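Residue numbers (the UniProt record's numbering), protein chains in the order written: chain Z, 1 to 377; chain B, 1 to 377; chain D, 1 to 377; chain P, 1 to 377.
Number of protein chains: 4
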Amino acid sequence: MEDETLLMLPGPVPMPERVRSAMARQAINHRGAEFGNAYADIVRVLKGLFGTKNNPLVISGSGTSGMEAAVSNFGKGRKMAHLINGKFGERMYTIGQRYASEALPIESEWGTPLNLEKLTSALEDGVEVVTMVHNETSAGILNPGEEVGKICRKHDALFIMDGVTSIGGDVFKADDWFVDVAIVGSQKCLAAPAGLAAVSVSDRAWDRVVKNPPYYLDLPAYKKNAAKDPMETPYTPAVPIFLALREACLIIEEEGIENRISRHHKMAKAVRSAVAAWGVDMFPKTDAIHQYSNTVTAACIPANSNDKDFRGSVKKFGIQIAGGQDHLKDKIFRIGHMGAVSAPELLATIAATEYTIRKTGHKVTDSGVMAAAEVLG
Amino acid sequence: MEDETLLMLPGPVPMPERVRSAMARQAINHRGAEFGNAYADIVRVLKGLFGTKNNPLVISGSGTSGMEAAVSNFGKGRKMAHLINGKFGERMYTIGQRYASEALPIESEWGTPLNLEKLTSALEDGVEVVTMVHNETSAGILNPGEEVGKICRKHDALFIMDGVTSIGGDVFKADDWFVDVAIVGSQKCLAAPAGLAAVSVSDRAWDRVVKNPPYYLDLPAYKKNAAKDPMETPYTPAVPIFLALREACLIIEEEGIENRISRHHKMAKAVRSAVAAWGVDMFPKTDAIHQYSNTVTAACIPANSNDKDFRGSVKKFGIQIAGGQDHLKDKIFRIGHMGAVSAPELLATIAATEYTIRKTGHKVTDSGVMAAAEVLG
Amino acid sequence: MEDETLLMLPGPVPMPERVRSAMARQAINHRGAEFGNAYADIVRVLKGLFGTKNNPLVISGSGTSGMEAAVSNFGKGRKMAHLINGKFGERMYTIGQRYASEALPIESEWGTPLNLEKLTSALEDGVEVVTMVHNETSAGILNPGEEVGKICRKHDALFIMDGVTSIGGDVFKADDWFVDVAIVGSQKCLAAPAGLAAVSVSDRAWDRVVKNPPYYLDLPAYKKNAAKDPMETPYTPAVPIFLALREACLIIEEEGIENRISRHHKMAKAVRSAVAAWGVDMFPKTDAIHQYSNTVTAACIPANSNDKDFRGSVKKFGIQIAGGQDHLKDKIFRIGHMGAVSAPELLATIAATEYTIRKTGHKVTDSGVMAAAEVLG
Amino acid sequence: MEDETLLMLPGPVPMPERVRSAMARQAINHRGAEFGNAYADIVRVLKGLFGTKNNPLVISGSGTSGMEAAVSNFGKGRKMAHLINGKFGERMYTIGQRYASEALPIESEWGTPLNLEKLTSALEDGVEVVTMVHNETSAGILNPGEEVGKICRKHDALFIMDGVTSIGGDVFKADDWFVDVAIVGSQKCLAAPAGLAAVSVSDRAWDRVVKNPPYYLDLPAYKKNAAKDPMETPYTPAVPIFLALREACLIIEEEGIENRISRHHKMAKAVRSAVAAWGVDMFPKTDAIHQYSNTVTAACIPANSNDKDFRGSVKKFGIQIAGGQDHLKDKIFRIGHMGAVSAPELLATIAATEYTIRKTGHKVTDSGVMAAAEVLG
């Protein structure tokens, strides 16, 4: 029997049935008009979500393949700095180490503000390429894209920003924020299946593209093929995922980008209202420019409980929330609220979590469910 | 209105509806049992198709990503030789040039036998890694896996064989033939959607794996994650394609590997019988160890026609066959007969092609349709 | 954009994706083995759910077609009595009027106990056929199948019981309870799509079957065709709905009938616990043999509200509950909990309803959400 | 393993994948706008196909339910005449016998012209309602709708015409031809799944509608509910089949009615050209007003063969054609060419049939495959 657990994770997320049904399509020629039109639809919608005039290129691979495409095409043989306050910031650094002439980690505690002073020093010391994760799901923190973009541009460095879990769910302005390379994954805020990454590249970055990145991640080859009519990819694409992502993009277009982002903000507000009503601590430390994530909420597990018991209790209701990764295990729980998620899923998740919190013995101040309903109703 | 053209290409190929329906599944956790079991089913069936005791590793990427994984993990920094008698042989060489300390092309005319004497010389000169495309679809020729495997082993070189369009449709014995690294793509003989590559690796090759291949193609990371229980992939996989490939593998298991290969041989025989009945020339030059492909038939376009007219006439019947690539354009046409294709599709394709050949003014000797029916009936 | 409202109605109910995917099947011959096997699977599972040794016959039509098949094949030209305490009891009477020599309504207020004394008198006065609705969803009441069955048998009358919304969700024992003709619909507790009705018939009823019922509802023709190998229907069946119902039945088999009924009882208990916590009145008047329905809960709308406002407020959360029908409009609301519904849907519905009740100004005694969670967790 | 036989029958017919995918939709409220809009789309397209200004009513049941709805609502208690030259003409008579005050069969040999002189006499003798099957698939003959319509109108009789296998595939002009009640089934020329019948009714017929037809087939109730906004059905409809039929209707609209009928005529011509090339006899006897069916071709099995061998040989190629029914078994074979069928399926079927004919020893005059290709290419 299938596992029909409701996934309230920071990805993968539940997909609308239109998106899923799109994949049942019989095989089509990926060098023909039907495929090319699907690619074009994706690009049209993603441009709006990325906030860029450049056409995002779509790679048949995970978000990580998009991260590596960015680093290998623009950071290879160069001095790179990696801003880190969570797991995905660390992954960028790991990839940077394979390609950079020198890879400099600029680390903060997970979930705490990035160290922009160190970044400035590094840039003054000749760093040419900077990476940052916009929305760090491992810690539930939203990092300052605009501010870091300005600093990088001031020093003429290329700025690679991972928007894997923010693009499509939160404000993202690649061009205005001086983001040279931005990356999104299909299975997060876009509510499509896993399997595709999209990468947008500024003209400035194209001017500095390196030679001989991995053959499969050779962005100039993607650019050349995307310029054909009909649009193509250099290698055989994961056609069903393209068709699904296209459908997901059409749904986003129907909803409207502004509405979609407002909806994510509202969902985040509902969950945070519940956390406040419970008297439970949020995990991230925010400041003037670092905020709580609007696509995943990370809060602290009450003192008397642990990851297994806490999430196990929620799981009894058929709902899977995320725990903390690595050293945050047993310390935090995380509720994803991205993509096609709506009020019923949130109310159920908050109800199951509230029940669990009460069982730990934590003295709940007020009804989190009603607090969330007040926001959502 | 959707393009419902029947694709009789050397991939992508029509997929059974069970395979397509498998993708409509709601998002699942790719670190859970349902995904792990799907991966395990795939591996169990692929082992039989690859003819190996080793567990193939599955990459979320095209066949090309599998080719690059092979070359980058085992050829990087080494002296490589690339056997070439068609387009995909050339692609292996192109990838080799990005990683090898020295990449040596051993070229034959497309569709003619490989030069095994030159290969032997190259091995004697210190070549450490050899690549070959087993079934070269660009020319419709089946290259000698067993013979080349023996030569490589004799010189202690690693042998990388691209089985992208033979595995699942023709005999392939990785272990018996001394193939160290074999690669298959999901959208060819397996009749699954495009989007996955599987790579099997011999113990001998694992002993010689290099450091720091592309992060996304790091085969040791795939091996490590595949060893977990439930099985995992290092990065988020293209889940729907895994589920589709699993279903395709279950269908293969139900059909039986022997039966499947016999069916492909029968389909190839039917098409070749039609070609003979028409008095049209086959394109490849075979010899004692080089044979006609059993998954795609390449034959010569009659003198008075060209690619556009020829395939355009067949297309009027709603059937798409392939033409020649690069310099073979206007010279050959190719009919794919791989995967889930069966008698009705073949009869229709042969009928439309025969009608087209007659229209070119070519004097058809005998009914190709009845000749094919005699084989298939 | 599709309406993705969560339906918490007494049918139609959300369907598992396996059930929905089963319908994407290409057309099959409905006189072949694949169809016959599907029909046989349905019959095997339904026998358990009906509690009968007889093979239910499947009609391509709504539950109403099943009700009419029962009345027209066994009540035509006979004296019938119709027990009524809700809308569907009335419908049986309406159908009875088209076929009976005399149709006698035995009415109670909707949602109140049936008048079994009047039934006994009627039987003594020569009534030959009795109809009753087991689970009257219009009022949320479960009528006494066993008791009425005994009374009918004592007077040698045929007993037709509508199990449209109880079979598959609650205890139903056609043979033990002397039910001669029982009916179920596909889109209720079975969690399949609307479009099929199944009818089981006792040997005793077959002995009394009439001549010339409607041609399309001629049960002896269904019986004759179902006895073939492979099983058939007399007229072209709604094949995709059969395939979906088969899948729904296989899911029921996997869950186990006992487990399924327990799950329905638990869901009903959870909703009733919430209603009690809110201090809201249940609508039905129960007694020793009349109980609250286990598949739909009917409760009273608080004094200051009305149907439109009440259900409109719940609808804002993307959840549709049912209102009262006919004269019960504005008086009651009804929450369906049948089929594949599980904890998340219930928690969300109860949360949205609780929020709505609080907004009416009704003084909620306790948290209905936590009361329900206590039952479900 | 699924039976993937290609069905070349006079229904059920292969469905486009858009049609099949439409059924995977989650349950929706059948009293809401989404359902109502689907119903409205169906009606808009069917009006064009029926050739009527009246809105066809859709019943959740087979074509037979539509035939019975016509007879029971308009023929009950009246004197009826039934034109018969095949199996479905006989079925109309059988239904007529359940409702008419007197049911008069006017029989011809199957596949031969109807006896319109007898019809005229019957009308002069007071027959009030006449039934005819427009396209008699059992014999492959197309009966004269227009001529019979005129005769009926002249005598002021109601004319019920079964268009189950012509509407959507051939010219049908209900209003111009004086057809009072016309019926179509979903699984024939419309290329949707089995499960729905649609019935159009003239104003003249509504004026003569009877009381108390079967409750489930009560056409005035369908009319009343279809007039609501959103459109509804009186009883719970087979929602997935409605959604599929809607999609099938949209495909028809995209193709265009004229184009669709031309395509059917072309397919029929292709098959007849093959039959002529083979030197095989067509089965029906046509005259000035009786023609060969354009949706199914009935031809004679060669002398030395029989139904089982003949169709068994075609089946070996994975293609199912129809045989003769009842006394025509072993005498004829029938090839359906209706709905979404296109050139590849026809070429394959003709190739397999030609191979079979040659094997019987019948001396084939010319290549039927090339003759058909000449029409289709």
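Yeah, the Cβ is synthetic: ideal placement off N, Cα and C, and Gly gets one too. Every value quoted in this text rests on a predicted model; they were computed, and no experiment measured them.
Item                                                                                                                                                                                                                          : Value
Report the rounded CA-to-CA distance for B/GLY51 versus B/ALA198, giving the unit in angstroms.                                                                                                                               : 13 Å
If we ignore side chains and look at the alpha-carbon of each, how far apart do residue 388 of chain D and D/THR233 end up?                                                                                                   : Outside the displayed range of chain D (1 to 377) lies residue 388 of chain D, so it cannot be described from this structure.
I'd like to know whether the C-beta atoms of P/ALA351 and P/VAL369 end up nearer to each other than 7 Å.                                                                                                                      : yes
Considering only C-alpha positions, which residue in the set Z/THR131, Z/PHE172, Z/LEU116, Z/GLY145 is nearest to Z/LEU158?                                                                                                   : Z/THR131
Go ahead and pull the three-state DSSP assignment for D/ARG153.                                                                                                                                                               : helix
Using 8 Å as the cut-off, can you tell me whether the segment 45-59 of chain P makes contact with the segment 173-189 of chain P, which would need three or more C-beta pairs spanning the two stretches below that distance? : yes
Using the Cα positions of residue 378 of chain D and D/THR137, report the straight-line distance between them to the nearest angstrom.                                                                                        : With chain D covering 1 to 377 only, the question about residue 378 of chain D has no answer from this structure.
Evaluate the contact criterion for the segment 332-346 of chain Z versus the segment 263-279 of chain Z: three or more CB pairs, one atom per stretch, below 8 Å.                                                             : yes
Would you mind stating whether B/ALA69 and B/LEU196 have Cβ atoms separated by less than 7 Å?                                                                                                                                 : no
Along the chain, which unbroken stretches of the beta strand (DSSP E) at least 3 residues long are found entirely within the segment 182-224 of chain P?                                                                      : 196-201
Quick one: residues in its chain with C-beta nearer than 7 Å to the C-beta of D/LYS150, no 5 flanking neighbours on either side, listed in chain order?                                                                       : PHE178
Can you give the Cα-Cα distance for Z/PRO214 and B/MET80, rounded to whole angstroms?                                                                                                                                         : 17 Å
Let me see if you follow: with CB-CB separation under 7 Å, is Z/SER65 close to chain P or not?                                                                                                                                : no
Under the rule that 16 or more other beta-carbon atoms within 10 Å means buried, what is Z/GLU345, buried or exposed?                                                                                                         : buried
Helix, strand or coil for P/ASN37, going by three-state DSSP, please let me know.                                                                                                                                             : helix
Since P/GLN26 is in the alpha helix (DSSP H), which residue starts that stretch and which ends it?                                                                                                                            : Per DSSP, P/GLN26 belongs to no alpha helix (DSSP H) and is neither H nor E.
Could you check if D/ALA299 is buried or exposed, using at least 16 other CB atoms within 10 Å of its CB as the buried criterion?                                                                                             : buried
What does the Cβ neighbour count give for Z/MET1, buried or exposed, with the cut at 16 atoms within 10 Å?                                                                                                                    : Note that Z/MET1 scores a pLDDT of 38, beneath 50, so its modelled location is shaky; the value from the coordinates is reported in the next line. Looking at its Cβ environment, which holds fewer than 16 other Cβ atoms inside 10 Å, Z/MET1 is exposed.
Using a Cβ-Cβ distance cut-off of 7 Å, determine whether P/ALA24 contacts chain Z.                                                                                                                                            : yes
Give the residues of chain P in contact with Z/GLU136, contact being defined as C-beta atoms less than 7 Å apart.                                                                                                             : Neighbours of Z/GLU136 on chain P: none; closest Cβ ~34 Å, over 7 Å.
What does P/GLU102 pair with, by DSSP beta-bridge criteria?                                                                                                                                                                   : P/LYS79
Which same chain residues end up closer than 7 Å to Z/ALA100 when comparing Cβ atoms and leaving out the 5 residues on each side of it in sequence?                                                                           : GLY75, ARG78, LYS79, MET80
Can you name the start and end residues of the alpha helix (DSSP H) that residue 389 of chain P belongs to?                                                                                                                   : Outside the shown range of chain P, which is 1 to 377, sits residue 389 of chain P, and nothing can be said about it.
Can you confirm whether D/VAL62, when its beta carbon is compared against all beta carbons of chain B, has any partner nearer than 7 Å?                                                                                       : The residue you asked about is not Val; residue 62 of chain D is Ser in the sequence shown. Cβ-Cβ to chain B under 7 Å: no for D/SER62.
Is the CB of Z/PRO10 under 7 Å away from at least one CB in chain B?                                                                                                                                                          : no
So residue 405 of chain P is in the alpha helix (DSSP H); what residue range does that whole segment cover?                                                                                                                   : This structure leaves residue 405 of chain P out entirely; chain P is present only between 1 and 377.
Would you decide whether D/SER262 is buried or exposed? Buried here means 16 or more other CB atoms lie within 10 Å of its CB.                                                                                                : exposed
Rounded to whole angstroms, what's the CA-CA distance from B/GLY48 to D/PRO16? Just pull it up for me.                                                                                                                        : 34 Å
Out of B/SER72, B/VAL129, B/VAL181, point me to the one whose CA is closest to residue 382 of chain B's CA.                                                                                                                   : There is simply no residue 382 of chain B to check, as chain B begins at 1 and stops at 377 in what is shown.
Cutting at 6 Å between CB atoms, please list the residues of its own chain near Z/LEU190, excluding the five before and the five after it.                                                                                    : GLY168, ALA248
With burial defined as no fewer than 16 other Cβ atoms inside 10 Å of the residue's Cβ, what is the status of P/GLY339: buried or exposed?                                                                                    : buried
I'd like to check one pair, Z/ALA194 with B/VAL239: are the Cβ atoms closer than 7 Å?                                                                                                                                         : yes
To test your reading of the DSSP string, which unbroken alpha helix (DSSP H) runs of 4 or more residues are found completely within the segment 281-355 of chain Z?                                                           : 307-315
Closer than 8 Å between beta carbons: that is the criterion. Which residues of the segment 318-334 of chain D meet it against chain Z?                                                                                        : GLY318, ILE319
How do the segment 312-325 of chain D and the segment 308-318 of chain Z stand: do at least 3 beta-carbon pairs fall below 8 Å, yes or no?                                                                                    : no
For chain D, find out if any of its Cβ atoms is closer than 7 Å to the Cβ of Z/MET1; answer yes or no.                                                                                                                        : At Z/MET1, the pLDDT of 38 sits below 50, so the modelled position is not reliable and the matter cannot be decided from this model.
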